[in-house]
Amino acid sequence: MPALYLTFVLYQSGNALVALLVLLGTCLGLFIYLSPTALTYRYLFPGFVGFGLFVIFPILYTVYISFTKYSSENLLSFDRAAAIFRNETFVSANAASYKYRLYVQDDGTYVLYLEDQKDPTKRFASEPFELSVGAKSKGPTEPVKLGALPGGEEVKGKPLETPQIVRAKLLGPLRERQFVLPDETILGLADLLSFKSRERLWTQNPDGTLKNKKDGTVIRPDLKQGFFVNDKGERVGVGFRTFSAFENYARILTDPRIQGPFIRIFLWTVAFSALSVLLTFSVGMLLAVILEQKDLRFRATYRTLFILPYAVPGILSILILKGLFNQEFGAVNALLKGIFGFAPEWETNPWGARAMILLVNLWLGYPYMMLICTGMLQSIPGAIYEASAIDGSNIVVDFSELTLPLVLPPMIPVLISAFAFNFNNFNLIFLLTGGGPQMVGGNGGETDLLVTYTFNIAFRDSGTNYGLASAIATLLFILVGFLAWVNLRFTARKAKI
Amino acid sequence: MKMAAPPIEPVTSGTKVKSRMLNPEQKAIARQLISHVILISLLALVLVPYVMVISASLRKGNFAPNGLLPDKVSLEHWKFVLGIPYQEIANVATGETREVKAETPPLLWFLNSIKISAIASVGIILLSGTAAYAFARLQFKFKSGVLGGLLILQMFPMVLALVAIYAFLDFAGQYVRWLGLNTQSALIVVYLGGISGYIWMIKGYFDTIPASMEESARIDGASQFQTFIRILLPMSLPIFAVVFILSFISHMSEYPVASIVLQTRTNWTLAVGANSFLAEHEKLWGRFAALAVLSGVPITAMFLLCQRFIVGGLTSGGVKE
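Chains as they are written, first to last, in my numbering: chain A, 1122 to 1618; chain B, 6 to 326.
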């Protein structure tokens, strides 16, 4: 059973909790498919595993992160941060010095060769290890083991001397590596030409504090700040993740640098969603009504062509329109300049950018509304129009007094879900404007929706802050979830009638 | 429905009356004329961008699309996208040329996308179809609560769960290779989570099929699973077609998750690759346009061919519930 093997491997690597969950999941699966009493769940189990892993788990994890301090400053787990201190070394006073050479192996790994500068018979070769050019190390790596090399034996592979190593940009990555001799002495690159033996810088005291062997300072972990601090309270070294309760939520409400943009972005998000729904519904409805005239020629052709923006993959359409609205070279401004002699600033002016977003979203979104409205119109019995015709009405009266009142109530759930969809319309904003132009004196963009603003806090800006982003995400979820719940209530009530 | 406008005499008086004294046929013609004018002008707004992209894909140089016809026709962007080498002038003064060939042909991104979207869509049909069956035909505790919960939980913007998804794949990849970051299989597995909307849609369809046939099959000795496979499924093929197409198209356009999970160029999907042409400082509009036409045309054609199905599915799934 691969599942049992996986459980074993997970348990061995110290993830007992995850191992237990995998085991429980497997047992549950076995029970469901073998026991005759669990028939119903056989149909539900596969779907729920996927749903649980990639919808429910991410939500729970996000909510959990929102209560922690987790950002580019406080990135590592406490254990990893402490391990960095434990692995820090310094050149000992009476250090032995070694000449070195690096051998490239056929499979792209490297072997380090060392030779004691005082005693050339003391020679060592490392096990093969990987060095990636330019890649930043992700924290402490295990020291590479060195073994004694008997006299007369040579290391296989292509040798690299110092100049070649420098040219191949391998010196930096090599400096970050540590090597251990068979007698547990740690070695590290000391200067361009030599390796020297090193000693660990910090010793751990029983109370969890660390003592510096060189200058005797003592540091202790400060769980509130997520940093190690010395006696004076100054931060030392890298930060770590720590529990922060409601700090992130409090920041949204009180920190003026967050609160200011947050409120503006929230208002724009609401306005954008509402206007998008209104515009797409109006145009979609107009087209549906026009195309519903039985005697109109080329109806089918028109319909097909008007669906195009819905049929073309959205991401392509968004990028195409981004090109057309290009402020300097785009077709839209070339046309407007030619006819009206003015070129709106679609990219640099906040209102121009907002107008562009609404136009693009109208262009992308009306076909869906048109399709739905067409369906609704076709379910209205034609007889009522004939009746109103006898009463002497016209197109406008027919529409405002018959069609709209009949179509609007069943459309409300569609409109609400369209609102919720636009509320989180990440692709549109992210690809079209990236949230720009930048807000003056804030960390958000003028056209950012809450979802892109949060994404930028989490992934893009220099100070990535997962904790804060997760807190905003949680608030967003509550908001949109509430909308969905209202919508559900609404449809459920309608179904009962 | 909307029949010809009413043939009644206008009650207004004076000169106006004369101009409005049209007989019903003339009125119908006028109405049609106005309709055509509105439709054609709107249609122009819809179609012009597509025409411009086609022309941009055929034009020399990488300019933002801004004309209906390319001024200097060249197939260089198409060759680049398809991975065919072509000559480009490297030095204007000497007229020296150099060969240009895409290291990773963008065509590959399109094929990756098709593969990922198709497999994910089949998986989604399997998962949501069986779950929908349970919701439609079987009785279990908290059924309506779970059904509502599914819909509400799916409202959580997936973009914001990326930290969690990233952490999960990073962890899982250490033990199960194909669940790791930068694998297409992991991306497919992540997509399989988004089934709740489809469960609702398929359940709505199952609800419209009377259970009496399955019941009589049960009496004849068929097992529950047999009635599901042999009776309900064959009758539900249309809704599965709809779910497949909708899921396929939405995953072809999915950007954020793919951009985080897939890191090397050879693994990229269409969405990630297409945006990469425009994300840098130097915007490669020509190449983007060629890729957009190449990949947009087949998908659009597929959508239009299945239009009838999709519209039916949308209106029943979105409205009737």
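Ideal Cβ placement from N, Cα and C applies to all residues, glycine included. Here the structure is a predicted model, which is why all the values come from computation and not from measurement.
Put simply, the region 53-68 of chain B does not touch the region 264-280 of chain B. Fewer than three CB pairs are less than 8 Å apart. Chain-order list of chain A residues neighbouring P162 (chain B): N1545, F1547, V1572, A1594, L1597, F1598, V1601, by C-beta distance under 8 Å.
Secondary structure remark: continuous alpha helix (DSSP H) runs of at least 4 residues inside the region 1359-1398 of chain A, in chain order: 1368-1375.
Nearest in C-alpha terms to T1210 (chain A), of all of A:Y1234, A:L1437, A:F1300, is A:F1300. As far as DSSP is concerned, P1264 (chain A) takes part in no beta bridge. Chain A places no beta carbon closer than 7 Å to that of W205 (chain B), leaving this residue out of the contacts. Along the region 277-299 of chain B, going in chain order, the ones with a CB nearer than 7 Å to a CB of chain A are A279, N280, L283, W290, F293, A297. By the Cβ-count criterion, C1494 (chain A) is buried, with 16 or more other Cβ atoms from all chains shown falling within 10 Å of its own Cβ. Within chain A, the residues I1436, F1547, N1548, F1551, L1552 have their CB atoms less than 9 Å from the CB of Y260 (chain B), given in chain order. Residue state for Q1238 (chain A) is assigned as coil, using DSSP reduced to three classes. When secondary structure is reduced to three states using DSSP, W1323 (chain A) falls in the strand class.
Residues of the region 1138-1161 of chain A that bring their beta carbon within less than 9 Å of a beta carbon in chain B comprise V1139, L1160, T1161, in sequence order.
Considering only B:G209, B:L112, B:E259, B:I265, the residue with the shortest C-alpha distance to F245 (chain B) is B:G209. Not a single CB atom of chain A sits nearer than 7 Å to the CB of Y171 (chain B).
Taking 4 residues as the shortest admissible run, the region 205-278 of chain B contains the following complete alpha helix (DSSP H) segments, listed from N- to C-terminal end: 217-224, 242-257, 261-266. With a minimum length of 3 residues, there is no unbroken run of beta strand (DSSP E) contained wholly in the region 1536-1599 of chain A. Taking a C-beta distance under 7 Å as the contact criterion, L1437 (chain A) and G291 (chain B) do not qualify as a contact pair. Within the model, the alpha-carbon separation for A1124 (chain A) versus G1347 (chain A) is close to 37 Å. Apart from the 5 residues on each side of it in sequence, F249 (chain B) sits with its Cβ closer than 7 Å to the Cβ of S126, I130 in its chain, given in chain order. When the beta-carbon positions are compared, N1454 (chain A) and Y260 (chain B) stay at least 7 Å from each other.
For G1473 (chain A), there are no neighbours in chain B by C-beta distance under 7 Å, as the nearest C-beta there is about 17 Å away. Fewer than three beta-carbon pairs drawn from the region 1195-1211 of chain A and the region 194-213 of chain B are found closer than 8 Å, and the two stretches are therefore not classed as touching. Annotated three-state conformation of Q1499 (chain A) is helix, per DSSP. Contact between I207 (chain B) and S133 (chain B) holds, since their C-beta atoms are separated by about 6 Å, short of 8 Å. DSSP, read as helix, strand or coil, puts A1246 (chain A) in strand.
T213 (chain B) is outside the set of residues whose beta carbon lies under 7 Å from a beta carbon in chain A. Between P1434 (chain A) and S258 (chain B), the C-beta gap is smaller than 7 Å, which places the two residues in contact. When beta bridges are read from the DSSP output, S281 (chain B) appears opposite no residue.
Runs of the beta strand (DSSP E) lying entirely within the region 1301-1349 of chain A and spanning at least 3 residues, in chain order: 1307-1310, 1315-1321, 1323-1325, 1331-1333, 1339-1343. I170 (chain B) is classed as buried because its beta carbon has at least 16 other beta carbons within 10 Å across all chains shown. Within a 10 Å sphere around the beta-carbon of W183 (chain B) sit fewer than 16 other beta-carbons, which makes this residue exposed.
Just so you know, the alpha carbons of S149 (chain B) and V1528 (chain A) end up roughly 28 Å apart.
Residues of chain B whose Cβ lies closer than 7 Å to the Cβ of W1606 (chain A) are, in chain order, I157.
About 4 Å separates the beta carbon of A1592 (chain A) from that of N1369 (chain A), a gap short enough to meet the 8 Å contact definition.
In its own chain, leaving out the 5 sequence neighbours on each side, no residue places its CB closer than 6 Å to the CB of V53 (chain B).
Ranked by how close their Cα comes to the Cα of T1595 (chain A), the residues A:I1373, A:E1274, A:G1565, A:G1329 have A:I1373 in first place.
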